[in-house]
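Set out below in structure tokens:
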């Protein structure tokens, strides 16, 4: 019997010790998922026991019972059986009991409202009234959980008229001033959630639907956001609790997205409160208020209402706030304001501009960083000689973060050619060049990225890329920091695309350094070097300068390198070199092909797999493949499939087997070969097919009639019959797999062969059970006309 303990007393365990009760809960919960068990387990006696358990004096027993009932909500077929009037009434009464069980009961009702078919059972006048009273309960846990119930109800507009009556809304408004922080925070989140209904209306609803839903939402807003609530929300910005104030900022920021709420929420009193909050004694309050004004910038319909003279003046003074976070947030506000030209005259007065300039020399590195991240939109009066001078001095500072952010500033300036003459003077360019040798690696890396960005602006080349800078950029290729070396590789890779500068940047020494980078111990540097040579291959007018005879010889030698990562990188370069026909003849000779074939047999999956990928790419190169695919290559590729020693190595780690399996790449090679109609006969000869059959359980390309037919001819003449009667269970399993594939693909020749095999082995039990399936009989019926040849086939079999 499945549950012997239950057979003796199917309900005893729910009253047992806590561990036993937990197990019982798990069993009952698991049973819910199997409707075939419902009649056996959830009988009248069980339901009665669950009902009594709700009245048990032990909190844990009631808790376990509610867990079962909550899980049962997901199975509407059980509702009539489990949730009778008595259980619902008991759950309702539990809301009025002065014990911890109320918490679990409120959570049950929060879960229950997600099932609209359940509403009429539980959401009656008495329960709603009880939940409304719970908003004023003495226990803050009850108040907090009840607010979460009403938050969950917002997602079900069919409940709004039933749940959100005047009294409930009033209590939710008063909960914003609750003495408990969690209750206040949850209530703010409730009001924030109330705003969210309708954000997607413009995208998904037509005009009539939007109008209907808009009226419904406005009715809800009229109920929730009354004058007293709005006033309380405004005062809450000054609440003593920091987390609560943060939630208030989120609320007001969310409210900005709902134009229909502006008249309700952003009235004169609230706007004045927000303005006064900029002078709050607590720096958190000042900082958060600045964030609200930053969010308001995105809504120009509010500008005249929010950004009055007094507020703008206070925002300007906030640039000199004693708290660094307030200053930094305020600088970011003015940075965002630059994107709104209609506000410039209103916001950027002489005093504000002067203060912003002073921020460049602030004691706080955060403030200086924010000041340097100004968007460089057309308002150029900010960048006078003094400001530019300070920015230039920041390049020679002692703080790496400030220097790094300053480089980012100049990088952003590149996008605004109207600033070039003003910003990029000789002294600044010189300092940027020296920053390439900075002691801080981030500064060096960011500076290299600046020069990479400068490549896109030809008018600046003569000004920026002087002899000293070019020399320093070349030295960056050999820097101690891998990040700097990687950035330098990116620079020289990008430089190849610019004819007017590349001849000035590249010499033999640079190419040699880049080649040596293929042997770097850091993978990101090696990868950048591979990218460089790969990109160079595509630069027809420039690649001869990169790929000198010496480099090509060095690349060939590197194919035999001891390091797997180096060899893989070289193989990737040769793979890219196949495409340009006039370059292919220059780089591939007999020794190169031989080295690539040898790489297939390397006892290193990294190298071997890269080599297989090379030959897979080569199949598609019609003019090239005849040159490289000889018997040695094909034999080496087949060896990859049948290397049992490699099996042992790969099986040693599931990760390498599944992600980096060399054989997986070989299978892809043969799969690609099947599609090459004019070439595949060279690959799939009489020797290849049997070997592929041995790997049949790994190969996924047997849907091709071409290969199936070739395999069929091989099978019918030799090995298939032997494999079916073999004592090697693995071999038989592979053969059965092939037969199932043949049935699945339904190739006629193979189908007849299967009929023959079915007849021949009909008296071999394990063969008959595996082959002569209902699926095969169904296929026989579908091909009756083909079955006419069966007598001849059987005669041949008997003769054999």
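In the numbering used here, the protein residues as written are 4 to 803. Backbone N, C-alpha and C fix where the C-beta goes; we use that ideal spot for every residue, glycine too.
The alpha helix (DSSP H) enclosing residue i, as first and last residue numbers
i	result
residue 288	286 to 299
residue 71	62 to 75
residue 483	No alpha helix (DSSP H) holds residue 483; DSSP gives it neither H nor E.
residue 54	47 to 56
residue 631	625 to 631
residue 139	Note, residue 139: premise wrong, no alpha helix (DSSP H); not H, not E.
residue 126	Run containing residue 126: none; DSSP gives neither H nor E here.
residue 337	327 to 340
residue 278	271 to 280
residue 407	403 to 416
residue 157	Neither: residue 157 is in no alpha helix (DSSP H) and is coded neither H nor E.
residue 111	104 to 115
residue 680	Note, residue 680: premise wrong, no alpha helix (DSSP H); not H, not E.
residue 314	312 to 321
residue 436	429 to 438
residue 95	88 to 97
residue 502	502 to 508
residue 512	511 to 519
Residue environment, residue i, which counts as buried when at least 16 other CB atoms sit within 10 Å
i	result
residue 474	exposed
residue 332	buried
residue 556	exposed
residue 139	exposed
residue 681	exposed
residue 182	exposed
residue 598	buried
residue 20	In this prediction, residue 20 scores a pLDDT of 46, lower than 50, which makes its location untrustworthy; the coordinate-derived value is nonetheless stated afterwards. With fewer than 16 Cβ atoms within 10 Å of its Cβ, residue 20 is classed as exposed.
residue 510	exposed
residue 323	exposed
residue 405	buried
residue 395	buried
residue 526	exposed
residue 135	buried
residue 766	With a pLDDT of 44 at residue 766, under the threshold of 50, the predicted position of this residue should be treated as unreliable, and no value is reported.
residue 575	buried
residue 205	Low local confidence applies: a pLDDT of 35 at residue 205 is under 50, so the model's placement there is unreliable, and no value is given.
residue 399	exposed
residue 585	exposed
residue 271	exposed
residue 357	exposed
residue 62	exposed
residue 2	Only positions 4 to 803 of the chain appear in the structure, and residue 2 is not among them; the question remains open.
CB of residue i within 7 Å of CB of residue j, strictly
i	j	result
residue 260	residue 297	no
residue 535	residue 496	yes
residue 114	residue 73	yes
residue 804	residue 288	This structure cannot settle anything about residue 804, because the visible part of the chain is limited to 4 through 803.
residue 480	residue 516	yes
residue 300	residue 292	no
residue 311	residue 286	no
residue 501	residue 458	yes
residue 319	residue 276	no
residue 668	residue 609	no
residue 529	residue 572	yes
residue 455	residue 493	yes
residue 69	residue 107	yes
residue 676	residue 683	yes
residue 621	residue 637	no
residue 488	residue 498	no
CB-CB length for residue i against residue j, believed under 8 Å
i	j	result
residue 364	residue 393	6 Å
residue 53	residue 65	Going by Cβ atoms, the distance from residue 53 to residue 65 rounds to 10 Å, so no, they are not a contact pair.
residue 486	residue 444	6 Å
residue 549	residue 539	4 Å
residue 179	residue 190	5 Å
residue 295	residue 255	5 Å
residue 76	residue 118	6 Å
residue 640	residue 603	7 Å
Any non-hydrogen atom of the ligand NAD within 6 Å of residue i CB
i	result
residue 166	Among the ligands in the structure shown, none appear at all, so the ligand NAD cannot be discussed.
| query | Can you list, in chain order, the stretches of the alpha helix (DSSP H) that have 4 or more residues and sit fully within the stretch 535 to 560? | reply | 546 to 549
| query | Which residue spans inside the stretch 442 to 468 form an unbroken alpha helix (DSSP H) run of at least 4? | reply | 444 to 457, 464 to 467
| In the stretch 566 to 621, which residue ranges form an unbroken alpha helix (DSSP H) of at least 4 residues, counting only runs that do not cross its ends? | 567 to 579, 584 to 590, 593 to 603
| message | Restricting to runs no shorter than 3 residues, where is the beta strand (DSSP E) found entirely within the stretch 160 to 184? | response | none
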